[in-house]
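To convert, take the position in the sequence shown, counting from 1, and add 1; that gives my numbering. Yeah, the Cβ is synthetic: ideal placement off N, Cα and C, and Gly gets one too.
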Amino acid sequence: MVDQQTHILVVEDDTEICRLLRLFLETEGFVISFCHHGIEAVEQIRNSQPDLIVLDVMLPGQDGIQVCKQIRNFYSGPVLMLTACEDDISELTGFKVGADDYVRKPIKPEVLLMRLQALLRRSQGAKLEPIDNVYCDELTINFSRREVLLHKELVELHSSEIDLVLLLAQSQGQAVSRDECFRALRGFDYDGIDRSLDMRISSLRKKIVDQKSPHRFIKTVRGVGYMLASGNEK
Numbered sequence: 002m003v004d005q006q007t008h009i010l011v012v013e014d015d016t017e018i019c020r021l022l023r024l025f026l027e028t029e030g031f032v033i034s035f036c037h038h039g040i041e042a043v044e045q046i047r048n049s050q051p052d053l054i055v056l057d058v059m060l061p062g063q064d065g066i067q068v069c070k071q072i073r074n075f076y077s078g079p080v081l082m083l084t085a086c087e088d089d090i091s092e093l094t095g096f097k098v099g100a101d102d103y104v105r106k107p108i109k110p111e112v113l114l115m116r117l118q119a120l121l122r123r124s125q126g127a128k129l130e131p132i133d134n135v136y137c138d139e140l141t142i143n144f145s146r147r148e149v150l151l152h153k154e155l156v157e158l159h160s161s162e163i164d165l166v167l168l169l170a171q172s173q174g175q176a177v178s179r180d181e182c183f184r185a186l187r188g189f190d191y192d193g194i195d196r197s198l199d200m201r202i203s204s205l206r207k208k209i210v211d212q213k214s215p216h217r218f219i220k221t222v223r224g225v226g227y228m229l230a231s232g233n234e235k
């Protein structure tokens, strides 16, 4: 069971899925509300600021990708998207606009619950090492404020990107494996296929101006994962 005050907004137009989600998630102790229209969802999220959003890709009015893109201007909480698509294109697009995780339909309740709990642990403050600032040349990572500065200017990052930076910063100078990243950030092991971590790294590198190889800040460790470079490393 979870804190009774944890509020999840489900944006989904399929009434049967909504009914099943209400039954399952309320049993687990969540407070659930619903929105069934893409355009209405944006204002409802702005007004209610839920702890977590479950957002379907296919919606009337506008699709979930557009909703996610719009709300990231004012909402920093976790967003889990639902998709019936078999290909990876919608997932990769969703990650680019700020989605934190994806679940494919038909929904397996136990899998959905695991993903939700992992996202909530992160957003509600997963315990980190007692570090304040980590420095990597012109990059400053502040743990207590969950901020990343480049040349002393704040870098605008999604919550999932900040989680990734903090994870790498905890092991600065050491490689963090793909399995470690997936377990810490998504609550399950890397399956050898999922490219969402690579997409997130690519987006992060773009925002901290680290796209060109050799990368200055976030290194690729072949066959292992990724590493935040030591402060004096070029």
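Using a Cβ distance threshold of 8 Å, Leu151 and Met228 do not count as a contacting pair.
8 Å or more divides the Cβ of Cys19 from the Cβ of Glu27.
C-alpha of Cys86 to C-alpha of Arg105: approximately 7 Å in a straight line.
Distances from the alpha-carbon of Ile33 to those of Ser49, Ile40, Glu41, Val43 put Ser49 closest. Here Ser161 really is in contact with Arg201; their C-beta atoms are around 6 Å apart, less than 8 Å. For Gly226, the pairing in a beta bridge is given by DSSP as Ser178, Val222. In the three-state reduction of the DSSP assignment, Asn74 falls in the coil class. At a Cβ-Cβ threshold of 8 Å, His159 and Arg73 count as neighbours.
Counting only unbroken stretches of 3 or more residues, the beta strand (DSSP E) elements lying wholly within the region 27-109 are 32-36, 53-57, 80-84, 102-105, in sequence order. In terms of Cβ geometry, Gly188 and Ala119 form a close pair [threshold 8 Å]. By the Cβ rule, the region 138-154 does not count as touching the region 87-101, because fewer than three pairs are nearer than 8 Å. Taking Met115 as reference, the option from Cys36, Cys137, Leu24, Glu29 with the minimal CA-CA separation is Glu29. Across the set Ser203, Cys36, Leu53, Lys109, the C-alpha of Leu53 shows the shortest separation from the C-alpha of Arg122.
Contact between Ala100 and Val80 holds: their C-beta atoms lie close to 5 Å from each other, under 8 Å. Taken in chain order, the complete beta strand (DSSP E) segments of 3 residues or longer contained in the region 143-212 are 148-151. Rounded to whole angstroms, the Cβ separation of Leu140 and Leu165 is 14 Å, and the two are not in contact under 8 Å. Residue pairing by DSSP places Ile9 opposite Ile33, Leu53 in a beta bridge. In this structure Lys220 is buried. Its beta-carbon is surrounded by 16 or more other beta-carbon atoms within 10 angstroms.
Beta-carbon to beta-carbon, Val55 and Val98 are separated by about 16 Å, too far to satisfy the 8 Å threshold. With a cutoff of 8 Å on beta-carbon distance, Phe31 and Ile9 are scored as near each other. Linking Arg146 to Leu167 through their CA atoms gives a straight-line distance of about 11 Å.
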